[in-house]
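Peer 1: Going by our numbering, the sequence shown wraps up at 408, each residue one higher than the last.
Structure provided below as structure tokens; questions to follow.
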Amino acid sequence: MPTVDWLEGAKDCPVTGTRLPLVIVSHGNSGYFALHLDIIEALANAGFIVAAINHPGNNTNDMSERGMSVWTSRPAHMVRLLDFMLHEWKDKAAIDPARVGLFGFSLGAFTGLVLVGGQPDFRRLVCKQENKSAVCEELRAGEFPPDPPHDARIKAAVIADPAVSFSFTPENLAGIGAPLQVWRSELGGGGVDAAGVARVTGSLPGKPDIHVVRAGHYAFLPPCTAELAALRPQVCSDPEGFDRAAFHREFDVAVVRFFREQLAGGVR
């Protein structure tokens, strides 16, 4: 996944304001905490506290976790992150615990759907006989991990092109009650099935704010530098006529607007 060698910022800068909303961020498979830096910065500039982590065993520098636990461990990571921010972080008093949101992309979007009430069914997976991956071997052996946790503290979520879409049905998504903004790509790719994402999007309860983007899965990642485009063309290439930089200007604004509306209360 695209990475940067350094980030511009102010370490341990003072928090301005009180009772501020918090948004936690879950990256995609093999990603890292700053993968969605443009959205993180836009939210911070709008008065949100934003927290992101590297998912252990499933990030740019560490892909050691295998099998279905890759999917089920992620929600627990985010629960622990939220616990830390609300109860241990040095500036925890600045957070309004009643105004917590989540942004998730790809496997992070799957993570978000689980946290707000989705109950994935991994038995719906179909493996070809020649597929000897850890996930398929667990499926054949009937070895399924414990159900991942939900977290009712999350009051709204932005979900972008969720992975593992096969695991969701209208029935096991019915428990979702939080407001959702959902983005999906028309072309998919990167291990994400566009038709599956469309099916999941259409199965969500309530009235989610749905956006369809005429591009591939990686359009939700920030525009690439020329150097990165040469190294990772599959991540950095877009359909003819699609301007990723222009899209991200609209994307960032829409995400901030959604969280302002759903986590209302003094956000500038």
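Glycine included, C-beta positions come from ideal geometry on N, C-alpha and C.
Note that the structure is a prediction, hence the values are computed from the model and not measured.
Between the Cα of residue 265 and the Cα atoms of 257, 258, 275, which residue gives the shortest distance?
Peer 2: Minimum Cα distance to residue 265 is reached at 275.
Peer 1: Using 8 Å as the cut-off, can you tell me whether the stretch 267 to 284 makes contact with the stretch 213 to 231, which would need three or more C-beta pairs spanning the two stretches below that distance?
Peer 2: The answer is no - the stretch 213 to 231 does not touch the stretch 267 to 284, with fewer than three Cβ pairs under 8 Å.
Peer 1: Smallest Cα separation from residue 160: which of 350, 314, 184, 219?
Peer 2: The shortest Cα separation from residue 160 among 350, 314, 184, 219 belongs to 184.
Peer 1: Using only alpha-carbon positions, find the residue among 324, 385, 181 that is nearest to residue 150.
Peer 2: Measuring from the Cα of residue 150, the nearest candidate turns out to be 181.
Peer 1: Quick one: what does DSSP say residue 245 is sitting in, helix, strand or coil?
Peer 2: The answer is strand: DSSP assigns residue 245 an E or B state.
Peer 1: Are the beta-carbon atoms belonging to residue 378 and residue 179 less than 9 Å from one another?
Peer 2: Taking 9 Å as the Cβ cut-off, residue 378 and residue 179 do not qualify as a contacting pair.
Peer 1: Excluding the five sequence neighbours on either side, which residues of its own chain have a C-beta within less than 6 Å of the C-beta of residue 315, listed in chain order?
Peer 2: Once the five neighbours on either side are set aside, the close Cβ partners of residue 315 are 257.
Peer 1: Taking the alpha carbon of residue 152 as the reference point, which residue from 231, 403, 192 has its own alpha carbon closest?
Peer 2: For the residues 231, 403, 192, the minimum Cα distance to residue 152 belongs to 231.
Peer 1: So the alpha helix (DSSP H) residue 167 belongs to, where does it begin and stop?
Peer 2: Looking at the DSSP string, residue 167 is not in any alpha helix (DSSP H), and its letter there is neither H nor E.
Peer 1: Assign residue 203 to buried or exposed, taking buried as 16 or more other Cβ atoms, counted over all protein chains shown, within 10 Å of its Cβ.
Peer 2: With fewer than 16 other Cβ atoms within 10 Å, it is exposed.
Peer 1: With DSSP as the reference, label residue 204 as helix, strand or coil.
Peer 2: Reduced to three states, the DSSP call for residue 204 is coil.
Peer 1: Could you tell me whether any Cβ in chain C is nearer than 9 Å to the Cβ of residue 315?
Peer 2: Going by chain labels, chain C is absent from the structure shown, which holds only one protein chain.
Peer 1: Comparing C-alpha positions only, which one of 211, 191, 187 sits nearest to residue 197?
Peer 2: Nearest of 211, 191, 187 to residue 197, Cα basis: 211.
Peer 1: Hey, would you say residue 245 sits closer than 9 Å to residue 403, going by beta carbons?
Peer 2: In this structure, residue 403 does not lie closer than 9 Å to residue 245 by Cβ.
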